[in-house]
Amino acid sequence: MEFSAAGRLEVRVTAADVGKRVSVRRLTDNGDTVEKFTDTVGVLTSWDDGVLLITRRTGERVRIAESSLVAAKVVPSAPARRRGPAASYEELARVTARAWPPVESERLGDWELRAAGGFTRRANSVLPLGDPGVPLDRALTYVRNWYAARDLPAFVQTATGAEGTQELLCAELEDRGWTREVTAELWTGALAPVADREAPGVTLSRTADEAWLGRYQRKGVGETALKVLGGGPSVWFATVPGTEGEAPAAIGRCVVDGRWAGFAAVEVAPERRRQGLATAVMAALAGRALEEGASAAWLQVEADNAGARELYARMGFAPHHAYHHYRWTPDPAADAGPAADGASGDTGPGAEPYRST
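Structure below.
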């Protein structure tokens, strides 16, 4: 479908462009006599029955009536961030996966099924980096059954907003009843500016000791969780001691993997926040990563964590892509047999530990 609007603007997008990044302008009918237009940029994931579905960088899906189109065109893939090191989505996906490894995994074509006893979604979700080697419905059935056999809910981790991300897979999952539960962003930046900051009073260790775990937000960390925390190519833990007999004032974790240093679990006691402790922890870890040959950094942050986002932006980090966890949620009216699509609902083994990381 191609036509001109008012002899000036043209719709130069068709159903054949599904899977491409597009920019669309549509007329918004809000009851006013004055015409208003809304622009949407994202990946065109479907065009059926007169309705376009576009997935934005954030993972949000937008429905647009074909009849409301004023102008549309195919645009280049999401541009690389001007700030921070150049990196593809696939490179970062593999680096971040190695930094938070499961205790059990299985390949399904180019998909990796990961499990760690329910400790965090990242270690208990599918990482789909390509073709599963079988039709999608068959792959998802296998995924549901694999997690059901481990008394875990089935999650698929996806990404949007960069070249090579998975907007089409996100749409396919939603169309099949999977629910997007958590969205966060992966940010990247240069490592040296982080290391240049002051790091007074920070101690580094190769292991997460009892003191470090005392500040860690997830309580009751067991053997499986310790394997995840201690896993990765080169892992360092940072601690800022607190008052004698109390938990540390601040902690952090860093995994060095080639040119990359990944930061996680940067936590500060509520009463010690805004004293520069998070910056000090990251500076100490960054300095050690530089010594091991790293030059670039990454971290993950939730969209609603304004304080962390402000801190990381000041340190030179910028968003690279968004990532999401889709959970299989079976129809409650369906027969909930032992292999009923492999989900345990909101209760049962592994439900409580699932918090965003």
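Residue 357, in the UniProt record's numbering, is where the sequence shown stops; the numbers in between run on with no holes. By construction, the Cβ of each residue, glycine as well, lies at the ideal position given by its N, Cα and C atoms. Computed from a predicted model, the values in this text were never measured in an experiment.
Open item on the list: I want to know whether the segment 87-99 touches the segment 271-291 - three or more CB-CB distances under 8 Å.
Closed with: no
- [ ] Could you please give me the residues that DSSP links to E302 through a beta bridge?
- [x] A184
Task: Bounding residues of the beta strand (DSSP E) (the contiguous stretch that carries L136) - done: Here L136 belongs to no beta strand (DSSP E); instead the alpha helix (DSSP H) covers 136-148.
Open item on the list: Closer than 8 Å is the cut-off here; do at least three beta carbon pairs connect the segment 35-46 with the segment 159-170?
Closed with: yes
Open item on the list: Which same chain residues end up closer than 7 Å to E27 when comparing Cβ atoms and leaving out the 5 residues on each side of it in sequence?
Closed with: It should be pointed out that residue 27 corresponds to Leu in this sequence rather than to Glu. So the qualifying residues of the chain are E35, F37, S68, V70.
Open item on the list: Taking 8 Å as the threshold (C-beta atoms), are G109 and P132 in contact?
Closed with: yes
TODO: Quick one: which unbroken alpha helix (DSSP H) runs of 4-plus residues sit fully inside the segment 25-111? Chain order, please.
DONE: 89-99
Task: Three-state secondary structure assigned by DSSP to V268 - done: strand
TODO: Put residue 369 into one of helix, strand or coil per three-state DSSP.
DONE: Residue coverage of the chain in this structure runs from 1 to 357, which leaves residue 369 outside it and unanswerable.
TODO: With DSSP collapsed to three states, give me the class of Y216.
DONE: coil
TODO: Tell me V22's beta-bridge partners as DSSP assigns them.
DONE: G42, V74
- [ ] Name, in chain order, the residues that DSSP records as bridge partners for C254.
- [x] W236, F263
Open item on the list: Using the three-state DSSP reduction, which class does L290 fall into: helix, strand or coil?
Closed with: helix
Open item on the list: Three or more C-beta pairs under 8 Å: does that hold for the segment 257-269 against the segment 126-146?
Closed with: no
Task: Cutoff 7 Å; reference L113; Cβ partners in own chain excluding five residues on either side - done: S105, E106, V126, V143, W146
TODO: Throw me the rounded Cβ distance for the A159 and A322 pair, which I believe falls under 8 Å.
DONE: 7 Å
Task: 8 Å contact criterion, which A284 and L191 should meet: CB distance rounded - done: In fact, because the Cβ distance is near 13 Å, the residues do not count as touching under 8 Å.
TODO: Consult DSSP for A336 and reduce its assignment to one of helix, strand or coil.
DONE: Bear in mind that a pLDDT of 41 at A336, under 50, signals an unreliable position, so the number given afterwards is only what the model happens to contain. A336: coil per DSSP, three-state reduction.
Open item on the list: For A225, tell me which candidate among V255, D175, A115, P248 has the shortest Cα-Cα distance.
Closed with: A115
TODO: Give every residue of the same chain whose Cβ lies closer than 8 Å to the Cβ of G245, excluding the five residues on either side of it in the sequence, and list them in chain order.
DONE: none
TODO: Take the Cβ of T188 as the centre, count every other Cβ of all protein chains shown within 10 Å, and call the residue buried at 16 or more, exposed below.
DONE: buried
Open item on the list: Going by C-alpha to C-alpha distance, which of E174, L53, A208, L9 sits closest to D137?
Closed with: E174
Open item on the list: DSSP three-state label for A116, please.
Closed with: coil
Task: Cβ neighbours of D17 in the same chain (closer than 6 Å, five flanking residues each side left out) - done: L44, V74
Open item on the list: If you reduce the DSSP assignment to three classes, tell me which class P128 lands in.
Closed with: strand
Open item on the list: With a threshold of 7 Å on Cβ separation, who are the neighbours of F119 within its own chain once the five nearest residues in sequence on each side are excluded?
Closed with: T224, A225, V228, P353
Task: Simplified DSSP state of E10, which is helix, strand or coil - done: strand
Task: Residue from V51, A297, N305, T329 with nearest C-alpha to L92 - done: A297
Open item on the list: Please report the distance separating the alpha-carbon of A269 from that of P248.
Closed with: 8 Å
Open item on the list: In the DSSP output, which residue or residues are listed as bridge partners for Y326?
Closed with: V156, R180
Open item on the list: Buried or exposed, going by whether 16 or more other CB atoms sit within 10 Å of the CB of T239?
Closed with: buried
Open item on the list: Between G201, T55, A318, which has its C-alpha nearest I251's C-alpha?
Closed with: G201
TODO: Rounded to whole angstroms, what's the CA-CA distance from V51 to A15? Just pull it up for me.
DONE: 10 Å
Task: Opposing strand residues paired with A190 [DSSP bridges] - done: A296
Task: 7 Å Cβ shell around G230 - same chain, five flanking residues per side excluded - done: T207, A208
Task: Buried or exposed (CB count within 10 angstroms, at least 16 for buried), P102 - done: buried
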